[in-house]
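For reference, the structure discussed in these notes is given below.
Protein chains in written order, with our numbering: chain R, 615 to 1099; chain C, 615 to 1099.
This is how it looks when you write it as structure tokens:
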């Protein structure tokens, strides 16, 4: 019942205490980042789960992202664990065997009820259990058989029970591109550089990667404005994806008690990929004056893993510098730590495979490759702003970034931007609002301006840096199903 | 765990079967309303709980609104029951005594997991137990002592565990008034009469009536636009309330499976009062282009009772007729039943008592009295529209109407409208956007344009109709606390 009454784990002592290597930590690079670099980031350390040692794996022992999954052993509720190499490590048998200790139980909000300290300690415990040179778990073959499940034998769910979901709009590139289409004279509104613009999203329709997404029906205008004809109700014609990054709140704040930007990172458990599917024709007709509603709430897909902030520590980077003439963030949105290391350098890729490509055995084609470091606002600024009015963030809330787009055409995070002729970042902007669009050519000869039924959209994310193991996010996938009759 | 996995009560047989009066039903008025008129609406029937028989009571035996409360007997989770006269009837002892049978348990979403049939049956069972001429419960003194608790001895919570919260904007009067201030040339946008405009609200900050509300802090412009000065961060200066009506979803729909307007009423458990506290200065600065966010999410207060659609059956009325030239709703938003009885005639009153008035023992003053029947869109249209894209509504979701305002000044449901000089509904509209405002005079000589610290805002709602008992909503209260330092 932790999801309902919000009880968390009370003390660190409730977590395992077998980590004996804390003293090793001093030898590692000093934290230029909010979270410390320690032996759990040491690229030289390998796991006895051999598939984790492949340098191309998203899931080395240095990653250990949280996940929730259904297996032969799980009942109605998913089981909690971490991904390692080609396996998931189910926490339940480890708890039974006394190798991990948990407080209130492994329920659907477990990871988010832990404090930052507890999460770090859990990481060290699990890291230690999986180290190649530690036989504690490795040598208990029966236990390993129960706890270490091949990913092919489990079905991943949404990693935690999400309470509220908030979506931001934090890429200036995306906002400028979209603004140029909808409001050519006034693409960036006066508030944009002062406030991380965001809105409440729909939590109930967040689904796990792999769930098919049904094309929504809704009100659409037959022409550009109502002057061209009355709206009709029918299947969305301009179905799009949005490549976003999300993160989950751990702990949270009491109503009326804002989270200072200096404390924001402690409330962030880790990150995932988010596909904010968008019905552009419905959106255009409905969104003024109260924002996107049914254009988004039919489905939002999240990737199966929470890549922890601890795993991401080596990939932190400066927040985007304000351009000459841009306002500096107000005090509650500003801190030295945020300026120095508020960004996260995550490479984000989007792929598309049409039904025809699938039938003909063709690989998905890449539509874009961008980076989360290009965002105008940081995740700490999201948390500080969201709670600044006293709004209580709760364990398991999901906050997403908005579409991640960068300065060049190949970094744009949605079809609306990718297939659009205009380019406000070019030396001589050519803005052609909504009329001419450049379709994407698929290897089958098919063209795409927006998504077609049967298309599968695949998002990938990963971090790479010299001297560190690759930390991957896995995939966020969804196939478009036709609208209902 | 019903809140998490969505299991409901499977069969009607799981509910009590002691209602032996079904055959009496035929003698009552035919359903001109979506729900039947039966003996539970008979004004002649009294209860052995004598305070329920007072004709001025909000809570006669014909009402029986659901509530959740903490008492001496409750643990961490509130207890479920109904209000009757000056008491609450705790279901738990009745279940133990075998007088009420429940399926999956009395948890925080209990009422919303029942089907429309099950809710109606539960109403009949409880009605029967409380009838003056039935000794079944009345004569078991020890049980009555445990089950019937004076309202002064309990603390009401939010009546169910709310999953997602959606707020509409369904009063044309309100939309026109507010639109006239923000967009004098263009008050009603082209989509308004085609779509029940709504947006996702914040569920975590919904609080029970009586909880104090802290004045939020946020970004505010010192002048009318950014040209008059850069934003500052500080306490909201234009704090307002919004008088709304909300309703709770029962059952819900699977993702991708819209609820037809004909089936919408079955998914509505009942209604409550909602105060959608609004920080107008924060709202004006943040709301374009993605809608209200922090201007609303600091707090939303709901009244303690779910007045069931069954209790409201005698007060159903025609949906507001479309004016000459207004578009007819598209098919998915239209049904004969909705046109004939989609409205609900609920009188809504707003009162204010300043700290000074409280100290001097003065009664709260009434600011407005309107009716929910004046809304442009109906509750069935909200449900049909919200789910039309396949969005899954879930047991316990709250949908609210938006500010309920009527055609005259004294029916306006928020201070923004009440203290504003302009009147677009007058024969010769005088629109004075935001400059001159007419303050409200309090009996202490104080003036209010917006809410001051220490003000208590009290909302009341009730239904009255010749030949029927008054059905009341109780109160939705909140005192404004100063912003944090």
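Every residue, glycine too, gets a C-beta built ideally from N, C-alpha and C.
For this session: Please name the residue, chosen from C:874, C:758 and C:967, that lies closest to residue 1059 of chain C on a Cα-to-Cα basis.
Result: C:967
| request: Spell out whether any CB of chain R is found under 8 Å from the CB atom of residue 1099 of chain C. | output: So no, residue 1099 of chain C is outside the interface.
Exercise. Determine the burial state of residue 668 of chain C: buried for a count of at least 16 other Cβ atoms within 10 Å of its Cβ, exposed for fewer.
Key: exposed
>> Which runs of the alpha helix (DSSP H) at least 4 residues long sit entirely within the segment 777–856 of chain C? Give them in chain order.
In response: 786–796
Item checked: 7 Å Cβ cut-off: residues of chain R touching residue 778 of chain C -> 816, 817 and 818
| said: Once DSSP output is grouped into helix, strand and coil, what is the label at residue 990 of chain R? | reply: coil
Check your understanding: Is residue 1097 of chain R helix, strand or coil when you go by DSSP?
Key -> Looking at residue 1097 of chain R - three-state DSSP - the assignment turns out to be coil, as it is neither helix nor strand.
If we call anything under 8 Å between Cβ atoms a contact, is residue 957 of chain C one with residue 934 of chain C? yes
Let me check understanding here. Comparing Cα to Cα, which of R:694, R:823, R:953 and R:1017 lies closest to residue 932 of chain R? R:953
Check your understanding: Does DSSP classify residue 975 of chain R as helix, strand or coil?
Key -> coil
Contiguous beta strand (DSSP E) assignments of at least 3 residues, all confined to the segment 664–739 of chain C: 680–684, 693–698 and 701–704
Residues of chain C with CB under 8 Å from residue 804 of chain R, in chain order?
Identification of chain C residues near residue 804 of chain R by a Cβ-Cβ cut-off of 8 Å yields 839 and 840, ordered along the chain.
*asked:* Can you find the residues in the same chain that come closer than 8 Å, C-beta to C-beta, to residue 681 of chain R, ignoring five residues on each side of it along the sequence?
replied: Cβ neighbours of residue 681 of chain R beyond the five flanking positions: 694, 695, 696, 697, 702, 770, 773, 918, 919 and 920.
Review point. Which partner residues of residue 982 of chain C appear in the DSSP bridge assignment?
Key: Paired residues: C:964.
Partner residues on chain C for residue 912 of chain R, Cβ-Cβ distance less than 7 Å:
Chain-ordered, the chain C residues with CB closer than 7 Å to the CB of residue 912 of chain R read 1003, 1004 and 1005.
Subject >> Within chain R, the residues that residue 809 of chain C reaches when beta carbons sit closer than 7 Å >> reply: 833 and 900
Answer with buried or exposed for residue 768 of chain R, where buried requires no fewer than 16 other C-beta atoms within 10 angstroms of its C-beta. Classification of residue 768 of chain R: buried, given that the 10 Å Cβ count is 16 or more.
Which of helix, strand or coil does DSSP assign to residue 1082 of chain C? coil
* Asked: Using 8 Å as the Cβ pair cut-off and three pairs as the minimum, do the segment 660–675 of chain C and the segment 1077–1084 of chain C touch?
  -> yes
**OP:** Could you tell me whether any Cβ in chain R is nearer than 8 Å to the Cβ of residue 828 of chain C?
**Re:** Yes, residue 828 of chain C lies at the interface with chain R (some Cβ there is under 8 Å from its Cβ).
**Near-chain C residues of the segment 844–863 of chain R - C-beta to any C-beta below 9 Å** = 844, 845, 846, 847 and 850
Selection from C:752, C:688, C:794 and C:705 that minimises the alpha carbon distance to residue 660 of chain C
Distances from the alpha-carbon of residue 660 of chain C to those of C:752, C:688, C:794 and C:705 put C:752 closest.
**Asked** For residue 1071 of chain C, which beta-bridge partners are listed by DSSP?
**Response** C:966 and C:1092
* Applying a beta-carbon distance threshold of less than 7 Å, which residues of chain C neighbour residue 943 of chain R? -> Chain C residues near residue 943 of chain R: none, gap ~10 Å exceeds 7 Å.
inquiry  = Would residue 725 of chain R pass as an interface residue toward chain C - the criterion being a Cβ-Cβ separation below 8 Å?
reply    = no
Short of 7 Å in beta carbon distance, which residues of its chain neighbour residue 796 of chain R, apart from the five on each side in sequence? Order them along the chain. none
(request) Could you confirm whether any beta carbon from chain R is found closer than 8 Å to the beta carbon of residue 946 of chain C? (result) yes
Exercise. By DSSP, does residue 893 of chain R sit in helix, in strand, or in coil?
Worked result: In the structure shown, residue 893 of chain R sits in a strand (DSSP, three-state: E or B).
Taking only beta-carbon atoms, is residue 1092 of chain R less than 8 Å away from chain C?
-> no
Q. At least one CB of chain C closer than 8 Å to the CB of residue 870 of chain R: is that the case?
A. yes
Checklist entry - Considering only residues of the same chain and omitting the five flanking positions on each side of residue 849 of chain C, which have a CB-CB separation below 6 Å? => result 829, 831 and 1097
Practice prompt. For residue 927 of chain R, name the three-state secondary structure that DSSP assigns.
Written response: helix
Assign residue 721 of chain R to one of two classes, buried (16 or more other C-beta atoms within 10 Å of its C-beta) or exposed (fewer than that). buried
Check residue 1014 of chain R in the structure and name its three-state DSSP category. strand
Problem set entry | C-beta neighbour in chain R for residue 995 of chain C, strict 8 Å | no
### Query
Can the beta-carbon of residue 855 of chain R be found less than 8 Å from the beta-carbon of residue 800 of chain R?
No, they are not a contact pair.
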